[in-house]
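Below you'll find the structure, written out as structure tokens, and then a few comments.
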Amino acid sequence: MSAAPVLDGGSGAAGAAEKRSRGRGRSQKSEIGRRERLEIAVLSGPAILLFLFFVIFPVLMAGYYGFFKWKGYGVPTDFVGLKNYITILTDPEFHAVLGHNAIILVASLLLQGPIALLLALLLNKKMRGQSIIRVLIFIPYVISEVIAGTAWSLLLQSQGGVNRLLTDIGLGAFTRDWIADPKIAMATLMFILTWKYVGFAVIIFLAGLQGIPTELMEAAKVDGASYWQIQRRITIPLLGPTLRMWAFLSIIGSLQLFDLVYIIWGQYIASTAGTSTMASYMVINGRLAGNYGYGNAVAVVVFFISLIIALAYQRFVLRRDTEGALTGGRK
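Just so you know, we're using the UniProt record's numbering here: the sequence shown kicks off at 1 and counts up by one.
Structural data, given as structure tokens:
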């Protein structure tokens, strides 16, 4: 008759021990969680502070100054409200430069991408002089925009080196005003941009190609696949994440293009030649016009256009790549 109380007591002791064990487990997990959060805060804190100070704070200040007609010095007092932003969104000139940026964006993807991919596939094969060719392709990218822009502005003038060369070899009928002619100015800009940035895309693609297992290509060769079938069915699909990341960088660069356009075309020729961009519009109508409030408003508009496009691209294009790269992603 006394066995039941003994069992109850044992069961109660075991339950208490199990509760203490669970409590210690939760305490250990909580301690580990606090330690991990502290490590994350220590490691990422400086970067977050720099990002807030050099990115978020300037954007907020630009948005604030955009509500004023401001000359760039002193405390802004001439409050104009949303007038600057309304002027930007209704200005036909801004609509034109927005279209120019769109053309540059699409043309950069359609020109630089295929050319860089073909060069990367070629340079990924063992060949004589491979290293030298890689360096020559990458050299234009490492040349500063100021040097490259100045050189091309001199070469492409009406009496510049390009027209002189065409005349000397008997092709004088093809001489053009490569910079000022609105019919070919955008094509000239795209040629320069392709020359300048295709090397960057080639290097990125070559890095992506190094990560593709050679066993897959060898197996495809054994099965009788041709070289181009291997590239189309194996190489390019596996290179997809690299291609999408390069496209993202190219899109952001196209939206922010300024230096080459301003150096080669200047503040007056760019608008008449049809090569002006949102960034050059901001400088010309803001700083050079002495209306820094309007320039700050343009900067804010350009920032939000770039942000919306970047978020949309990440949401609909880069989502599966970023989710696959996260160790703590959804199951």
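Built from N, CA and C at the ideal position, the CB exists for glycine as well.
These numbers were taken from a predicted model, which means no experiment stands behind them.
**Report entry** Touch test, the region 113 to 129 against the region 190 to 206, Cβ-Cβ under 8 Å, three pairs minimum
**Finding:** yes
Requested in this report: Give every residue of the same chain whose Cβ lies closer than 7 Å to the Cβ of glycine 9, excluding the five residues on either side of it in the sequence, and list them in chain order.
Outcome: At glycine 9, the pLDDT of 48 sits below 50, so the modelled position is not reliable; the number obtained from the coordinates is stated separately. Closer than 7 Å at Cβ, skipping near neighbours: no residue.
Query raised in the report: If valine 80 sits next to tyrosine 281, beta carbons under 8 Å apart, how far is it from one beta carbon to the other, in whole angstroms?
Result: At roughly 19 Å, the Cβ-Cβ gap does not stay under 8 Å, so valine 80 and tyrosine 281 are not in contact.
Query raised in the report: Where residue 347 and glutamine 256 are concerned, what is the direct C-alpha to C-alpha distance, given to the nearest angstrom?
Result: Nothing can be reported for residue 347, as the shown portion of the chain is limited to 1 through 331.
Query raised in the report: What does DSSP give as the partner residues of phenylalanine 94 in its beta bridges?
Result: Answer is none; phenylalanine 94 lacks a bridge partner.
Query raised in the report: What are the partner residues of phenylalanine 68, as DSSP defines its beta bridges?
Result: Phe79
Query raised in the report: Between leucine 166 and glycine 172, is the Cβ-Cβ spacing less than 8 Å?
Result: yes
Query - 8 Å contact criterion, which leucine 189 and threonine 275 should meet: CB distance rounded - result: 5 Å
Query raised in the report: Nearest-angstrom Cα distance between tyrosine 65 and asparagine 296?
Result: 6 Å
Query - Cβ contact (3+ pairs, closer than 8 Å) linking the region 234 to 243 and the region 205 to 222 - result: yes
Query - proline 58 burial status per 10 Å Cβ neighbour count (16 or more: buried) - result: exposed
Query raised in the report: If we call anything under 8 Å between Cβ atoms a contact, is alanine 299 one with alanine 62?
Result: yes
**Report entry** Alpha-carbon to alpha-carbon, phenylalanine 303 and valine 106
**Finding:** 19 Å
Requested in this report: Under the assumption that threonine 242 contacts isoleucine 115 (Cβ atoms under 8 Å), give the Cβ distance between them as a whole number of angstroms.
Outcome: Not really, about 16 Å apart at Cβ, beyond 8 Å.
Query - Cβ-Cβ distance between threonine 150 and asparagine 163 below 8 Å - result: no
**Report entry** Rounded straight-line distance, which links the Cα of leucine 307 to that of isoleucine 133
**Finding:** 37 Å
Report task. Assign arginine 35 to one of three DSSP states: helix, strand, or coil. Result -> helix
Query raised in the report: Tell me which same chain residues have a C-beta within less than 6 Å of the C-beta of tryptophan 178, skipping the five on either side of it?
Result: Leu156 and Thr188
Query - Three-state secondary structure (DSSP) of arginine 244 - result: helix
Query raised in the report: To the nearest angstrom, how far is it from the Cα of leucine 109 to the Cα of aspartate 78?
Result: 43 Å
Query - Whole-angstrom C-beta distance between aspartate 259 and glutamate 145, which should lie under 8 Å - result: 4 Å
Report task. Verify whether the separation of the beta carbon atoms of isoleucine 137 and valine 301 is less than 8 Å. Result -> no
Query raised in the report: What number of angstroms, rounded off, separates the C-alpha of alanine 225 from the C-alpha of proline 46?
Result: 52 Å
**Report entry** Limits of the alpha helix (DSSP H) - the one that proline 140 falls within
**Finding:** 130 to 142
**Report entry** Minimum C-alpha distance to alanine 289 - residue among Ala273, Thr272 and Tyr268
**Finding:** Tyr268
**Report entry** 4-residue-minimum alpha helix (DSSP H) runs that sit fully inside the region 243 to 303, ordered along the chain
**Finding:** 259 to 273 and 278 to 282
Query raised in the report: Excluding five sequence neighbours on each side, which residues of the same chain lie with their C-beta closer than 6 Å to the C-beta of tyrosine 262?
Result: Ser280
Query raised in the report: Are the Cβ atoms of phenylalanine 205 and leucine 239 separated by less than 8 Å?
Result: yes
Requested in this report: Can you say whether glycine 293 is buried or exposed, counting buried as having 16 or more other CB atoms within 10 angstroms of its CB?
Outcome: buried
**Report entry** Simplified DSSP state of serine 306, which is helix, strand or coil
**Finding:** helix
**Report entry** CB of methionine 278 within 8 Å of CB of asparagine 84, strictly
**Finding:** no
Query raised in the report: Considering only the beta carbon of each residue, do serine 153 and isoleucine 264 sit closer than 8 Å?
Result: yes
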